[in-house]
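Undergrad: All residue numbers for the sequence shown refer to the UniProt record's numbering, where the first residue is 1 and numbers rise by one. Every residue gets a Cβ at the ideal spot worked out from N, C-alpha and C, and that includes glycine.
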Amino acid sequence: MMGQDQKMFLLTGITVAGKKCGVICDSLLVDEGNVLDVRSKGSDSRSICIGKTPKALILLMGEKGVHGGALNQKARADSLPPAHLPHNLNPLLNAALRALCAL
Numbered sequence: 001m002m003g004q005d006q007k008m009f010l011l012t013g014i015t016v017a018g019k020k021c022g023v024i025c026d027s028l029l030v031d032e033g034n035v036l037d038v039r040s041k042g043s044d045s046r047s048i049c050i051g052k053t054p055k056a057l058i059l060l061m062g063e064k065g066v067h068g069g070a071l072n073q074k075a076r077a078d079s080l081p082p083a084h085l086p087h088n089l090n091p092l093l094n095a096a097l098r099a100l101c102a103l
């Protein structure tokens, strides 16, 4: 997923937690992007957003019916460096992200 040649999974999709997913928008390796939007296939279709931090990937899966844009905004906020984190994030999530970025 992090390789420079991402054409194949853009065509064939990816598997997340055993579920086949189609790629909707890939800006994972783009400056200021850092997110990959996918949607699981099947009757229980859900939006999934993968955000990239300097040390880890963050996977967010929405409940059925949640729009991918909401996950995208959350993943973008979660992948910001600690100094740029918004103050309105959940305090536990904020602390976890600061610890993760400090690794």
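Buried or exposed for V38, please, with buried defined as at least 16 other CB atoms from any protein chain shown within 10 angstroms of its CB.
TA: buried
Undergrad: Nearest-angstrom Cα distance between K19 and K52?
TA: Looking at the two C-alpha atoms, the distance is approximately 20 Å.
Undergrad: Suppose contacts are defined by Cβ-Cβ distances below 8 Å. Is G22 in contact with C49 by that definition?
TA: no
Undergrad: Starting from the C-beta of G44, find all residues in its chain whose C-beta is less than 7 Å away, skip the five residues before and the five after it, and write them out in chain order.
TA: Reading off the sequence shown, one finds Asp at residue 44, where the question assumed Gly. So the qualifying residues of the chain are K64.
Undergrad: Going by the CB atoms, is the gap between D26 and L11 shorter than 8 Å?
TA: no
Undergrad: Spatial neighbours of G33 within its chain, please: C-beta separation below 8 Å, excluding the five flanking residues on both sides.
TA: S27
Undergrad: Determine the DSSP secondary structure at P46, reduced to helix, strand or coil.
TA: Strictly speaking, residue 46 in this sequence is Arg, with Pro absent from that position. Three-state DSSP puts R46 in coil, outside helix and strand.
Undergrad: Look at the alpha carbon of L71 and the alpha carbon of M61, and state the distance between them as a whole number of angstroms.
TA: 8 Å
Undergrad: Given L103, which residues of its chain have a CB within under 7 Å of its CB, disregarding the five upstream and five downstream residues?
TA: At L103, the pLDDT of 48 sits below 50, so the modelled position is not reliable; the number obtained from the coordinates is stated separately. Counting only Cβ-Cβ distances below 7 Å, and skipping sequence neighbours, we find K55.
Undergrad: By Cβ distance, which residues of its chain are closer than 7 Å to G13, with the 5 residues on each side in sequence left out?
TA: K20, C21, G22, V23
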